Structures are given as structure tokens and as C-alpha cells.
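Trainee: Let me give you the structure first, and then I'll get to my questions.
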Amino acid sequence: ASAPEPPRPAIALLQALGLRDAPRGAPKARPVPPLMWRLFRRRDPQEARAGPRRKSPGATPRPCHVEELGVAGNIVRHIPDRSAPARPPEPSSASEPCPEQTVDFDLSAVEPLEHASLARLELRFEAAGPGVAPGSGWELSVARAGPGPVLLRQEVRALGPPVHAELPVAAWAPHAPTPRSLSLVLVLRPRAPAACARLVEAALLLVTLDPRLCHPLARPRR
Amino acid sequence: EAEPTAGGVPGGACRARRLYVSFREVGWHRWVIAPRGFLANYCQGHCALPAALPGPGAPPALNHAVLRALMHAAVPGNGGLPCCVPARLSPISVLFFDNSDNVVLRHYEDMVVDECGCR
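Heads up: the sequence lines are chains A and B, in that order. According to our numbering, the first sequence holds residues 115 to 336 in order. According to our numbering, the second sequence holds residues 91 to 209 in order.
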């Protein structure tokens, strides 16, 4: 029987790096998030060696661990929201709840063998109209689209600065494989009567551990 | 880019030689955000005595490697010399765009040869 054609060296190298195929190239209008730059600079020993803040020679980062986020992992993905931005209508009276806003994340790039160790929403809201900021802040609730419990409730003190909301991994990805997509419903409720706010930016920071690229920790020298 | 060796023959004792992998050369510069490339290096050189014995600060030699070098010195030709291989490696991280428009940071262990040894 004819054997499958051996992969060309470039494809073999991609596979060795755990990548299925060479990505098409940079999306046109997508800047690299500052957090990802920061994680890269802290993580890459050659960058650290070459960088102005030279680390002490002994301080190599722990393998398969993301120091800055404090979780196990060797792949960090910054996944943009792919749902169409929608302008929430103003509730007819302040006593009515603010409408839900949905976000949708494509997780198809995550391999079945990868275990999720952190899923953090990176959100930014803005006032839907002038003079809306209630002094007592807001309450954010997040649930999966469709029936099911609320995954988290969190206080939001002010609109404008980024809001980080960590999803309990056990609630949405208790074990591998990670679901291929994740649709969430967000409600940002003002604690005092005020107009609703609008979600203007949403992304998911997902940390996973690919055991195939992780060697057991080296045994200490005897 | 690799450190040239004299006339194609590995010169001198076993040690790490410079090898720089440029992502542009590999054609990945459109989707790799950083780094532009990395120093992978490689091991080359002979492992006869005294090279099979570690220099100052190098990882300890395997006794077996020293034994083979001794055997080769006494009776050249049977069993050959130990090999010059990586003895200490370090990781790299790559930041890139994937096909789902995600920005991905992946960490790869054992990608850079820091030290070579006779094994």
C-alpha cells in the first residue's frame, strides 16, 4: 500500500510545535493586546536575557506555568468576541432591569487534549447616556446562553476602565475537551436607578495546558 | 545562519555552535508577532580525550563517555568515540496570530542549546 507522503520540513516543524497548519497571517485591524506583550516579554528567556531588565541567571520561569496569572499552562490565547455589537435600548423606566448583552467566543482553535486552567473575561462598558454613573456602582452577572445557572456575580465600581471577570473553569469546562464555542449572557445592573450601560469591548483570556508539550519537571540533581 | 566550520569539518572539541533561526527565512514572519527568530544553536566537535572530560562549569561528564574515549585512545576504531550532544537546553515563547484571529502565546521547552556534552 502506498505510504502517506512525508510532511514537508516546514509542516513537520509546525506539527512539532503543536500547530495544525500555518496561519494565514495577521488580521488587518487587530492590535496585539498589551497584556499579551507583557506576558511574552516576561516569559521568553531570550527576550528577558536581551531586555533591559535582565533577570538573575537562576530565575528561569517554571515550565508549564504562567507566572503572571498564577496558573498552570503553556498556551495563552486572547480570543476576541465575535458577536455583533448591539446598542441596548434604554429601559422605559429605571425600575426595569437592563437588557441582556451576549458575547460569543470561537474556541475551535483549542485542541481536544488541552486542559483549561483560566478563563477570564476582559470587558469594557460605557455609559449609555450622559450623567448615568450611579455612585453605588453596578452588579455584573454572567451566565451561559440558554438555560443554566449564573456563572458569576461581580461588583463593577465604575464604567470605562477594563473589567476582569474570571469564569469558574469547573462550571464551563470541567474536563477536556474544551467546548468549541462559548456564548455568554451579561447583565450589568446599576445598584441605584440609572440608565443602562453599553458593552463596547469583550475578549476572553484563556490559559490551557497542552500535556504533549510539557515535560515532567526535571528531577533535582542528586 | 550558522557558525561556519573550517572546510566543513567540525573544528575543535565538542561545544555549542551558533545557529540563528530566522522566522522570516522560514516564511512565518506574517503570522509570528514575536520574536523575529531565536538562537537555537547546535552541538558539534570531537569527543576524544581530553575533550570528553568537562571543562570548568560544564555539566559533569558521563562516566560511560569517558570510558569510551579511553577505550578509543587505547584501541582506536572499535566502538568509536562518544557523541557531542545537547547537555542543557532552555525554552522559548512565540507570540502569533492564529487562523481564528486570536493572539496566542505558546511556550516551548527545550528549544535552545545552552551547553553541549559528550555522551
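Beta carbons: idealized from backbone N, C-alpha and C, even for Gly. Small disclaimer: the values here were computed from a predicted structure and weren't measured.
#1: Mind checking if R271 (chain A) is an interface residue toward chain B, Cβ cutoff 7 Å exclusive?
#2: Return no unless some Cβ of chain A is closer than 7 Å to the Cβ of E115 (chain B).
#3: Counting pairs of beta carbons, one from the stretch 307-319 of chain A and one from the stretch 100-116 of chain B, are three or more of them closer than 8 Å?
#4: What residues of chain A sit near E199 (chain B), judged by a beta carbon separation below 9 Å?
#5: Going by C-alpha to C-alpha distance, which of B:R120, B:A163, B:V193, B:Y198 sits closest to Q129 (chain A)?
#6: Quick check on L281 (chain A): does DSSP put it in helix, strand or coil?
#7: Report the CB separation of L81 (chain A) from A316 (chain A) in whole angstroms; it is logged as a contact under 8 Å.
#8: Rank B:R114, B:R107, B:D200, B:R105 by C-alpha distance to the C-alpha of A124 (chain A) and give the top, closest one.
#9: Quick one: list the residues of chain B neighbouring S222 (chain A), beta-carbon separation under 8 Å, in chain order.
#10: Measure from the alpha carbon of E269 (chain A) to the alpha carbon of each residue in A:R191, A:R305, A:H179, then state which is nearest.
#11: Do we get a CB-CB distance below 7 Å when we pair L195 (chain B) with the residues of chain A?
#12: Take every Cβ of the stretch 220-227 of chain A, pair it with every Cβ of the stretch 253-267 of chain A, and state whether three or more of those distances are shorter than 8 Å.
#13: Tell me, please, whether the CB atom of L139 (chain B) is closer than 7 Å to any CB atom in chain A?
#14: Here's the rule I'm using: 16 or more other beta-carbon atoms within 10 Å means buried, otherwise exposed. How should D188 (chain B) be labelled?
#15: When the Cα of I182 (chain B) is compared with those of B:L129, B:S112, B:G117, B:I123, which residue comes out closest?
#16: Going by alpha carbons, who is nearest to E214 (chain A) out of A:S255, A:L300, A:P325, A:E240?
#17: Buried or exposed: which applies to P166 (chain A), given that a residue is buried once 16 or more other Cβ atoms fall within 10 Å of its Cβ?
#18: Is the beta carbon of G187 (chain A) closer than 7 Å to that of T292 (chain A)?
#19: Would you call E228 (chain A) buried or exposed, if buried means 16 or more other Cβ atoms sit within 10 Å of its Cβ?
#20: Please look up how many angstroms separate the CB atoms of L139 (chain B) and A159 (chain B), rounded, as I've assumed it's under 8 Å.
#21: Have a look at B:H154, B:S180, B:A164 and flag the residue whose alpha-carbon is nearest the alpha-carbon of C173 (chain B).
#22: R120 (chain B) by DSSP, collapsed to three states: which one?
Mentor: Concretely, from the data shown:
#1: Here the question's residue 271 (chain A) lines up with position 157 in the first sequence. So no, R271 (chain A) is outside the interface.
#2: As a working note, residue 115 (chain B) is residue 25 in the second sequence. Answer no: the Cβ-Cβ gap between E115 (chain B) and chain A never drops below 7 Å.
#3: no
#4: Here residue 199 (chain B) is taken as the residue at index 109 of the second sequence, counted from 1. Near E199 (chain B) (Cβ distances below 9 Å), the residues of chain A are P177, C178, N188, L327, C328, H329.
#5: Position 15 of the first sequence holds residue 129 (chain A). Measuring from the Cα of Q129 (chain A), the nearest candidate turns out to be B:Y198.
#6: Numbered from 1 along the first sequence, position 167 holds the residue referred to as residue 281 (chain A). It is a strand residue.
#7: Since the displayed chain A opens at 115 and closes at 336, residue 81 (chain A) lies outside it and no answer follows.
#8: Position 10 of the first sequence holds residue 124 (chain A). Nearest option by C-alpha distance: B:R114.
#9: Counted from its first residue, the first sequence places residue 222 (chain A) at position 108. S190, listed in chain order.
#10: For the purposes of this step, residue 269 (chain A) is taken as residue 155 along the first sequence, with counting starting at 1. Nearest C-alpha to E269 (chain A): A:R305.
#11: Taking the second sequence and counting its residues from 1, one reaches residue 195 (chain B) at position 105. So yes, L195 (chain B) belongs to the interface.
#12: no
#13: Mapped onto the second sequence, residue 139 (chain B) falls at position 49. Answer no: the Cβ-Cβ gap between L139 (chain B) and chain A never drops below 7 Å.
#14: Taking the first residue of the second sequence as position 1, residue 188 (chain B) is located at position 98. The residue is buried, with at least 16 neighbouring Cβ atoms inside 10 Å.
#15: Sequence index remark: in the second sequence, residue 182 (chain B) carries index 92 (1-based). It is B:L129.
#16: If you number the first sequence from 1, residue 214 (chain A) lands on position 100. It is A:L300 whose Cα lies nearest to the Cα of E214 (chain A).
#17: Walking along the first sequence from the start, residue 166 (chain A) turns up at place 52. Low per-residue confidence applies at P166 (chain A): pLDDT is 47, beneath 50, and the placement is therefore not dependable, though the value from the model is reported in the following sentence. So P166 (chain A) ends up on the exposed side.
#18: Here residue 292 (chain A) is taken as the residue at index 178 of the first sequence, counted from 1. Here residue 187 (chain A) is taken as the residue at index 73 of the first sequence, counted from 1. The answer is no: Cβ separation not under 7 Å.
#19: Position 114 of the first sequence, counted from the start, is the residue given in the question as residue 228 (chain A). By the 10 Å Cβ count, E228 (chain A) comes out buried.
#20: Working through the second sequence from its first residue, we reach residue 139 (chain B) at position 49. Working through the second sequence from its first residue, we reach residue 159 (chain B) at position 69. Right, the Cβ-Cβ distance comes to about 5 Å (below 8 Å), so this counts as a contact.
#21: Counting from 1 along the second sequence, the entry for residue 173 (chain B) is found at position 83. The shortest C-alpha separation from C173 (chain B) is found at B:H154.
#22: Mapped onto the second sequence, residue 120 (chain B) falls at position 30. In this structure, R120 (chain B) counts as coil in the three-state DSSP scheme.
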